[in-house]
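> Below is the structure I would like to discuss, written out as structure tokens.
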Amino acid sequence: MNNLQINIENYLEYCRTQKRLDSKTIKAYCIDLHQFSEQIWITEASELTVPLLETYIAKLHQQYAPKTVKRKIASLKALFHHLEYKEIILHNPFAKLQLRFREPIILPKTIPLTTIEVLINTIYKQYYNASSNYRKKASLRDIAVIELLFATGIRISELCTIPYQNIDLQNNVIIINGKGSKERLLHICDEHVISILIKYYSKFVTAIHSCGYFFVNNIGNRLSGQSVRNMINRYCHLAGIHQHITPHMFRHSFATLLLEQNVDIRYIQTMLGHSSINVTEIYTHVTMAKQKDILKTKHPRKSLNIINQL
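Quick note on numbering: the sequence shown equals residues 3 to 312 in my numbering.
Right under this line is the structure:
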């Protein structure tokens, strides 16, 4: 292992133990920094020059989408900022590097409100028509998951890792441990959602307390994100929904529908747990697209009978 690789391993350990970054961020850093050390010929961090960096970044652009390149550059920037801070290097090569490139705007995929209605009705139908107590109990858990995803817009990773102590069903609030260990509080305001969560908790209370997490699978372990994806796919098939729906699309739909109801974007930012308003503003593009569609198809001018139009 050369000195650069040792520097990288020490930095990753620093991120784990001192910065206490979440596991997904650590995993991304590992991938990005190990890739860098394998593809660049230098063995000392101090040997990295601006031309070498520019060549490496150019190769990244040939292999990856702009968003991925941006993340990989951010990982490298964080490493070299740390090395400069620790005085392992005297000059940070990123200080003299001009990096500006446009990312294409990819609009978040949302679920039409009518489709959400069909999906939720299908799960309730499965609950009421369940052929056994086991299936009825599983359907109750599935209803609680989908209702909470839509009611709060939380990430699937956040939902699956909620400690049961973080859900207060007396005051109807949830404490969410979000990205970067940022904590936020969300209210559950729909009485039907509250009722479902109370019923779910009462049925699964033993498994919940044993596991430590609020959402558990059929064998009493913490519910996984993949289990939720499979669950959604199964109910979509039963409902005859052909759109591919992911858990994250409930988050997109939550934000977009609130924005369409003229909710201030800064309140939505807080509810979603975004550190920057720039991240939340992607939803304004969705509502503008919706506005265009409304004006194109619904404006009453289309129904006017005008003679001799130009």
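Ideal Cβ positions, reconstructed from N, Cα and C, are used throughout, including at glycine.
1. Does Y87 come out as helix, strand or coil in the three-state DSSP assignment?
2. Taking the alpha-carbon positions, what's the Y202 to H84 distance?
3. Could you name the residues of the same chain whose beta carbon sits closer than 7 Å to that of N220, not counting the 5 residues immediately before and after it, in chain order?
4. What are the residues that DSSP puts in a beta bridge with D170?
5. Are the Cβ atoms of L225 and I200 separated by less than 8 Å?
6. Using the beta-carbon count (16 or more within 10 Å), is V207 buried or exposed?
7. On a Cα-Cα basis, can you pick out the residue from V147, R253, L188 and A209 that is closest to N232?
8. Quick check on E160: does DSSP put it in helix, strand or coil?
9. I'd like to check one pair, T124 with A30: are the Cβ atoms closer than 8 Å?
10. Considering only the alpha carbon of each residue, which of F216, Q228 and A209 lies closest to G222?
11. Which residues share a DSSP beta bridge with H63?
12. With 16 as the cutoff for other CB atoms within 10 Å, does E160 come out buried or exposed?
13. How would you write the range of the beta strand (DSSP E) that E185 sits in, first residue to last?
14. Looking only at its own chain, which residues have a Cβ that is under 8 Å from the Cβ of Y215, when we skip the five neighbours before and after it?
Concretely, from the data shown:
1. In the sequence shown, residue 87 corresponds to position 85, counting from 1. In this structure, Y87 counts as helix in the three-state DSSP scheme.
2. Start at 1 with the first residue of the sequence shown, and residue 202 comes out as number 200. Start at 1 with the first residue of the sequence shown, and residue 84 comes out as number 82. Straight-line Cα distance between these residues: approximately 47 Å.
3. Indexing the sequence shown from 1 puts residue 220 at position 218. Once the five neighbours on either side are set aside, the close Cβ partners of N220 are A140.
4. Position 168 of the sequence shown holds residue 170. Note: D170 sits in a beta bridge opposite V175.
5. Along the sequence shown, one-based indexing puts residue 225 at 223. Along the sequence shown, one-based indexing puts residue 200 at 198. No.
6. Against the sequence shown, residue 207 aligns to sequence position 205. Exposed, because fewer than 16 other Cβ atoms sit within 10 Å of the Cβ of V207.
7. The count along the sequence shown starts at 1 and reaches residue 232 at position 230. Answer by Cα proximity: V147.
8. Along the sequence shown, read from residue 1 onward, the residue named residue 160 stands at position 158. DSSP places E160 in helix when its eight states are reduced to three.
9. Counting from 1 along the sequence shown, the entry for residue 30 is found at position 28. Counting from 1 along the sequence shown, the entry for residue 124 is found at position 122. No, the pair does not count as a contact, with Cβ atoms beyond the cut-off.
10. Reading the sequence shown from its first residue, position 220 is the one you call residue 222. Residue A209 is the option with its Cα nearest to G222.
11. Taking the first residue of the sequence shown as 1, we reach residue 63 at position 61. DSSP lists no partner for H63.
12. Indexing the sequence shown from 1 puts residue 160 at position 158. So E160 ends up on the buried side.
13. Stepping through the sequence shown from its first residue, residue 185 is reached at position 183. E185 to H189 is the extent of the beta strand (DSSP E) around E185.
14. Here residue 215 refers to the residue found at position 213 of the sequence shown. Excluding residues within five positions, the ones whose Cβ falls inside 8 Å are C162, T163, I164, P165, Y166, R224 and L225.
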